[in-house]
Each structure stands twice: as C-alpha cells, then as structure tokens.
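A.B. asks: Read in order, the letters of the sequence shown are residues 2 to 513 in my numbering.
Using N, Cα and C, we set each Cβ at its ideal position, and we do this for glycine too.
These figures come from a predicted structure and were not determined experimentally.
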Amino acid sequence: MLEYGGRRGEIRWSDQTLLPLRPMKQFSGTVSCWYCDFKFSALNEPLFRFGRRHSRSLRAWFSIGVVFSLAALLGVTLIILCELVRTTLVCAGNTSTGNSLFGLASVIGGLHISLPNMVYLCLSSVICVFVHELGHALAAASEGVHVEYVAIFLAVLFPGALVAFNHSSLQALPVVASLRIYCAGIWHNAAFCVGCALALVLLPFIFSPFYIHGESLMVLDVPSMSPLYGYLSRHDLIFSLDGNRIHTTEEWKQTITMLTEQTYSLSSDQPSVNLNVENGYWNQTYCPNELIAFASMTCLDVEKYTNNANRNNHQRRENIHCLDAKDVIKLKKCAYPNFKEQALTNGSSCLCSEVESCLAPMQLPGLGWVEITYSSLECHSRRRSLFSPEKHSSSEQISCLQTFVYVGDLITMANSIHLTSYQPRWTIYFMAYLPNLLEKLFTYAFHVSMVLALLNSLPVFFLDGEYILEATLHCFGSLNSMMRQSVRRCCLLVGTSFSACFILQTVFVSVS
Numbered sequence: 002m003l004e005y006g007g008r009r010g011e012i013r014w015s016d017q018t019l020l021p022l023r024p025m026k027q028f029s030g031t032v033s034c035w036y037c038d039f040k041f042s043a044l045n046e047p048l049f050r051f052g053r054r055h056s057r058s059l060r061a062w063f064s065i066g067v068v069f070s071l072a073a074l075l076g077v078t079l080i081i082l083c084e085l086v087r088t089t090l091v092c093a094g095n096t097s098t099g100n101s102l103f104g105l106a107s108v109i110g111g112l113h114i115s116l117p118n119m120v121y122l123c124l125s126s127v128i129c130v131f132v133h134e135l136g137h138a139l140a141a142a143s144e145g146v147h148v149e150y151v152a153i154f155l156a157v158l159f160p161g162a163l164v165a166f167n168h169s170s171l172q173a174l175p176v177v178a179s180l181r182i183y184c185a186g187i188w189h190n191a192a193f194c195v196g197c198a199l200a201l202v203l204l205p206f207i208f209s210p211f212y213i214h215g216e217s218l219m220v221l222d223v224p225s226m227s228p229l230y231g232y233l234s235r236h237d238l239i240f241s242l243d244g245n246r247i248h249t250t251e252e253w254k255q256t257i258t259m260l261t262e263q264t265y266s267l268s269s270d271q272p273s274v275n276l277n278v279e280n281g282y283w284n285q286t287y288c289p290n291e292l293i294a295f296a297s298m299t300c301l302d303v304e305k306y307t308n309n310a311n312r313n314n315h316q317r318r319e320n321i322h323c324l325d326a327k328d329v330i331k332l333k334k335c336a337y338p339n340f341k342e343q344a345l346t347n348g349s350s351c352l353c354s355e356v357e358s359c360l361a362p363m364q365l366p367g368l369g370w371v372e373i374t375y376s377s378l379e380c381h382s383r384r385r386s387l388f389s390p391e392k393h394s395s396s397e398q399i400s401c402l403q404t405f406v407y408v409g410d411l412i413t414m415a416n417s418i419h420l421t422s423y424q425p426r427w428t429i430y431f432m433a434y435l436p437n438l439l440e441k442l443f444t445y446a447f448h449v450s451m452v453l454a455l456l457n458s459l460p461v462f463f464l465d466g467e468y469i470l471e472a473t474l475h476c477f478g479s480l481n482s483m484m485r486q487s488v489r490r491c492c493l494l495v496g497t498s499f500s501a502c503f504i505l506q507t508v509f510v511s512v513s
C-alpha cells in the first residue's frame, strides 16, 4: 500500500485554486475507468476543535517533525545515490555485490505472503495510512487551517488516502508553518514505528498474568502439507532440537540455521563409501521403509582429523547399518562439534573407545537429521500444577516428553509449521492465538509505517517530499520564483528517476 497524491492543497504561490471552496456534503465519491475515491468530511470539525485547543503543544511536537523530515529527505536521497553508484560499479565489475538499502532485496526475496499474511498487510496498511493522514490533519488544525475533506482512493491498482486543505488558508501561512503540515505525516509514521517496537518489547510483560513467555515453543498449526503433519499437533510444546533447548521463535530459527550449516559441513566432509549398489543410490534402496542407513566408524583420530590434508585418509567407514531412528536417539551422542572433548575424556586420540562404534546417518547432501523433543500442552500443564517448580522438571521429562526424528530439509521443515513463544497458563485454546496475532500485527505495522516514512521522504512527484522540497526552497530568499520552479522541477525529475531505478533494481535483485 502506497500513499499517492498527498495533500492536494499544496503551496503553489499562484492564483490557481486546486480545491473546492464551497461547502461539501459529508459523504461523496468519484468513479472513473482508472480512478475512484470516497470523500468524507464528518471528522473535520472534531479535528479542528482538538487542534485549536492544543495548538501550542501540537506546534512544538510537529516542529520536531520538521527537523526529522528534512534530515530524512537528505539522508534517504544520499543513500539512494550511493546505492545507484554501487550498482553501476557492480555492473562494471569494479566491486563486489553487497546489501542494498536496509537489506530490502533480501527482505523482499524472503517474503512468503500467504492469505493470512495478506490480511495482516492490508490491515496494517490501513492503520499506517490513517496515522499518516491524521498527522497532516492535526498539524493543519493547529495552524488554523480547515480540512476540506479526507479521501480514500484507488488509482489504477494502487490504493491510498489524502487530506485536502483550503488552498487560500495555506497561502497565508508562513513557510515554517507549512513545513509543519507537510512533514507531519512522515513524523507520525516514524513515531508510530517507535510505538510498535516498544509494544513488541513490552508485550511479554503485558501478557505475563495470562501467558508464559520464553519457556518453550507452542505449535499453533501444522498444515497437512507439512512434513511434520501427523507427528506434531496443535498446541503441542517443542522443548529442544538435537538436545538444544528452545525457548523462543528466534532461537528456533537460529538453531535451525546452525543445524543446517552443520549438515552441509558434514555432507561435504563425508568420505565415499564402497558399496555394491548400482549407481550409488543406496540411500534410497539400501534400507527398508522406516529405517535409516548409518555408517559405523571404529576409530576417528582427532589429531589427524584436524589436518585437512590427511582427513580422508583416516576416516574409515566399515559397515552400513539399517536402524530405527527411535532406537538410535537413545544412545550416547558423539556429535562432531564435541568430538575433541569426548576424545580427551576417553583418554586417547580416538573419538570412540575400542569397544564402541560411532554411527553417522548417511543421507543426501543438504538433508538434515534432527531429533525433536515435544510434549502436549495438557500433560505439561498438569505436571506443572502437580509439582513444585524445583521438582516438576524431572518428573515432566519422565511422563510428558516425547521424541521423534526428522530427516529432510530443515529449512522447509521449520517454515512449514506456525509457532509462538507464548504459552497460556490455562488450557483455554482460543487464548493461544491472541499474542501471536498482536505480535504479527505490530511487526507488519512497523515495517509498513517505516516504508511509508521512507517513501514520503523522497523528492518524488505527488508524495510529501515534493511539498517539503517546495516549501524549503522558499526559505532561500536569493532565488526568484522562476529559479525556484526550475530547481524544484529538476530535483523532482532526478529524484523520481533515481527512486524508480532503485525500486526496480531492488525488486529485480530480490526475485533473481
């Protein structure tokens, strides 16, 4: 959602009247083949009375917004220029690629917009546009300017909103007062970003009487297409991945990333296995269903393993075993990250003792093997209520915790289920979704509000940056009217062209 049009009662310092000066109906609309809008003026008087009553405080508030918006206008313009120069150098082969402005390319490329997320996006866009236009309306009211109407429009396929002011009243204002009005939307969006971030930080404390935050993950939904469908259910609690305790969704993502990196590292380090299986597709045909192929290693020399030149000469795989993963996970672990410590414990340079054998799952490169420990919410809540905090942990592990092994793409697995860091204190299931809904709404609102503030800071036609630039140029008394218009048109043409190139480049990089 982008806001197009801005305020149509901009300062032109001419005799042209852009807005109707006659009284309007409370509700009206316009419909054409490419444009339609809905205008209403029911809020004009309440907003004007509020603005006049608190004019001194509002002027001080929006004066801070002028400083912020001018700094944003200059800063965002310089960043876009630097990005275009960097892109030109990359295309010429003089430098390496890097992250674009605020990582927009990676953010856009990583978006997975589903139908529920589209609802969040639309709702947050409506809220952010309302906050933006409310800023303009309050700033105008504090300066004694009446709002003609508020409009919601759809131009071609792009929705937006605008606040229209009385043109003659704007012409009579000082330049600083006009800047307060034009910068109010950007300033309100920036303040709204801070409010959303603060709400996300305080949400665990606000919900603490009703929810437990950061103890374990709770499953909100397991779609039928998920590889974990049939293993996990709604409202199950996930405690650990491969023995790594998981408390929040961020830890879930970080652990999945770490395990994926380890999987690729181990896949690249695995030596070839001499098996009498045609074309080497032993991992698909060697073991029956429900069993997984493991390779045993009688001894792995730690000192020689650390020597990359001789690594493959000292990794001796002797046998392939088809085992049930549920039985394997009950055995003692000999994970690669800890093999040095284990070798020192054994008192030798080998990873395993003479009577032991280390088993490693054999799989296609890039496929992970992860142990997931979970419990049902009912059992967990029952055990917590029966035992004291000092005793319920061990008892719970005996009675509630269950384990299964997933073999496959870990990233696909992690993204296929919906999780939350909040766990209701009582088994009232509809309560489980409220914190997640608010968390997503605040997150989407933060990003949409930030995008609105950045876009309107640009010196681009029809956005707030155009009117801020025009009012700023009037502060330079050495420029006559013709020179101001020439500078304004030149800046807007260059700003619009550069901004369009940057947005197209960002979208192209993200989808390529």
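Does the region 135 to 151 come into contact with the region 52 to 60, if we say contact requires no fewer than three beta-carbon pairs (one atom in each stretch) closer than 8 Å?
C.D. replies: yes
A.B. asks: Using only alpha-carbon positions, find the residue among Gln263, Glu262 and Leu324 that is nearest to Leu292.
C.D. replies: Residue mapping note: residue 292 aligns to position 291 of the sequence shown, counting from 1. Nearest of Gln263, Glu262 and Leu324 to Leu292, Cα basis: Leu324.
A.B. asks: Check whether the Cβ atoms of Trp253 and Leu218 sit closer than 8 Å, and answer yes or no.
C.D. replies: Start at 1 with the first residue of the sequence shown, and residue 253 comes out as number 252. Start at 1 with the first residue of the sequence shown, and residue 218 comes out as number 217. Going by C-beta atoms, Trp253 is nearer than 8 Å to Leu218.
A.B. asks: For a minimum of 4 consecutive residues, which ranges assigned as the alpha helix (DSSP H) are wholly contained in the region 413 to 471?
C.D. replies: Segments of the alpha helix (DSSP H) lying fully in the region 413 to 471: 435 to 458.
A.B. asks: I need the straight-line Cα distance from Leu456 to Leu464, nearest angstrom please.
C.D. replies: On the sequence shown, position 455 is the one that residue 456 refers to. On the sequence shown, position 463 is the one that residue 464 refers to. Going from the Cα of Leu456 to the Cα of Leu464 covers about 8 Å.
A.B. asks: How many Å lie between Thr374 and Val157 at the Cα?
C.D. replies: Position 373 of the sequence shown, counting from 1, holds the residue named residue 374. Position 156 of the sequence shown, counting from 1, holds the residue named residue 157. When rounded, the distance between both Cα atoms is 51 Å.
A.B. asks: Quick check on the DSSP output: the alpha helix (DSSP H) that includes Leu199 runs from which residue to which?
C.D. replies: Position 198 of the sequence shown, counting from 1, holds the residue named residue 199. Here the alpha helix (DSSP H) through Leu199 covers Val176 to Ile207.
A.B. asks: From this set, Leu411, Ile207, Leu116 and Val148, which residue's C-alpha is nearest Phe41's C-alpha?
C.D. replies: Taking the first residue of the sequence shown as 1, we reach residue 41 at position 40. The candidate whose alpha carbon is nearest that of Phe41 is Val148.
A.B. asks: Quick check: the Cα distance between Leu64 and Arg181, rounded to an integer number of angstroms?
C.D. replies: In the sequence shown, the residue the question calls residue 64 occupies position 63. In the sequence shown, the residue the question calls residue 181 occupies position 180. In the sequence as displayed, the identity of residue 64 is Ser instead of Leu. Cα-Cα distance, rounded: 6 Å.
A.B. asks: Closest by CA to Trp188, which one among Asp237, His133 and Thr249?
C.D. replies: For this step, residue 188 is matched to residue 187 along the sequence shown. The residue with the shortest Cα to Cα distance from Trp188 is His133.
A.B. asks: Anyone know if the C-beta pair for Ser225 and Ile418 falls short of 8 Å?
C.D. replies: Taking the sequence shown and counting its residues from 1, the one referred to as residue 225 is at position 224. Taking the sequence shown and counting its residues from 1, the one referred to as residue 418 is at position 417. No, these two residues do not count as a Cβ contact at 8 Å.
A.B. asks: When the Cα atoms are used, what is the spatial distance from Phe447 to His322?
C.D. replies: Start at 1 with the first residue of the sequence shown, and residue 447 comes out as number 446. Start at 1 with the first residue of the sequence shown, and residue 322 comes out as number 321. Cα-Cα distance, rounded: 52 Å.
A.B. asks: Short of 6 Å in beta carbon distance, which residues of its chain neighbour Val461, apart from the five on each side in sequence? Order them along the chain.
C.D. replies: Translated into positions along the sequence shown, residue 461 becomes position 460. Excluding residues within five positions, the ones whose Cβ falls inside 6 Å are Gly496, Thr497 and Ser500.
A.B. asks: Name the DSSP bridge partner or partners of Arg246?
C.D. replies: Within the sequence shown, numbered from 1, the residue matching residue 246 stands at position 245. Looking at the DSSP assignment, Arg246 forms a beta bridge with Ser241.
A.B. asks: Using beta-carbon positions only, say whether Leu474 and Gly466 come within less than 8 Å of one another.
C.D. replies: As a working note, residue 474 is residue 473 in the sequence shown. As a working note, residue 466 is residue 465 in the sequence shown. It is not a contact, given that the beta carbons lie outside the stated cut-off.
A.B. asks: In whole angstroms, give me the CA-to-CA distance for Pro272 and Val406.
C.D. replies: Walking along the sequence shown from the start, residue 272 turns up at place 271. Walking along the sequence shown from the start, residue 406 turns up at place 405. Caution is warranted here: a pLDDT of 46 is assigned to Pro272, below 50, making its placement in the model unreliable, and the coordinate value is therefore given only provisionally. Distance between the alpha carbons of Pro272 and Val406: 24 Å.
A.B. asks: Anyone know if the C-beta pair for Leu584 and Cys37 falls short of 8 Å?
C.D. replies: Since the first residue of the chain shown is 2 and the last is 513, residue 584 is not available in this structure.
A.B. asks: Would you list the one or two residues that DSSP bridges to Glu372?
C.D. replies: If you number the sequence shown from 1, residue 372 lands on position 371. Paired residues: Val406.
A.B. asks: Rounded to the nearest angstrom, what separates Cys194 and Ser450 at their Cα positions?
C.D. replies: As a working mapping, residue 194 is identified with position 193 in the sequence shown. As a working mapping, residue 450 is identified with position 449 in the sequence shown. Computed Cα separation, rounded: 6 Å.
A.B. asks: Does DSSP put Ala296 in a helix, in a strand, or in coil?
C.D. replies: In the sequence shown, counting from the first residue as 1, residue 296 sits at position 295. Strand, per DSSP.
A.B. asks: Relative to the C-alpha of Glu216, which candidate in Val202, Glu471 and Ser241 has its C-alpha closest?
C.D. replies: Against the sequence shown, residue 216 aligns to sequence position 215. For the residues Val202, Glu471 and Ser241, the minimum Cα distance to Glu216 belongs to Ser241.
A.B. asks: Name the one or two DSSP bridge partners that Phe503 has.
C.D. replies: Against the sequence shown, residue 503 aligns to sequence position 502. The partner list for Phe503 (beta bridge, DSSP) is empty, contrary to what the question assumes.
A.B. asks: Indicate whether Val67 and Cys476 have their beta-carbon atoms separated by less than 8 Å.
C.D. replies: By 1-based counting over the sequence shown, the position of residue 67 is 66. By 1-based counting over the sequence shown, the position of residue 476 is 475. Going by C-beta atoms, Val67 is not nearer than 8 Å to Cys476.
A.B. asks: Going by the DSSP bridge assignment, what does Phe477 pair with across the sheet?
C.D. replies: If you number the sequence shown from 1, residue 477 lands on position 476. For Phe477, which the question treats as bridged, DSSP gives no partner whatsoever.
A.B. asks: Sort out for me which residues DSSP pairs Gly161 with in a bridge.
C.D. replies: Numbered from its first residue, the sequence shown carries residue 161 at position 160. Note: Gly161 sits in a beta bridge opposite Phe154.
A.B. asks: Which runs of the beta strand (DSSP E) fall wholly inside the region 17 to 85 and span at least 3 residues, in chain order?
C.D. replies: 28 to 32 and 36 to 41
A.B. asks: First and last residue of the beta strand (DSSP E) that includes Gly215?
C.D. replies: Start at 1 with the first residue of the sequence shown, and residue 215 comes out as number 214. From DSSP, the beta strand (DSSP E) with Gly215 extends over Tyr212 to Asp222.
A.B. asks: How is the alpha helix (DSSP H) around Cys129 delimited, first residue to last?
C.D. replies: Walking along the sequence shown from the start, residue 129 turns up at place 128. Note, Cys129: alpha helix (DSSP H), Leu116 to Ser143.
A.B. asks: Which residues in the same chain as Leu233 place their Cβ atom closer than 7 Å to its Cβ, once the five residues preceding and following it in sequence are excluded?
C.D. replies: Mapped onto the sequence shown, residue 233 falls at position 232. Cβ within range, chain order: Val220, Val223, Tyr375 and Ile418.
A.B. asks: Buried or exposed: Phe443, going by 16 or more other Cβ atoms within 10 Å of its Cβ?
C.D. replies: Your numbering for residue 443 matches position 442 in the sequence shown. The residue in question, Phe443, is buried, as its Cβ has 16 or more Cβ neighbours within 10 Å.
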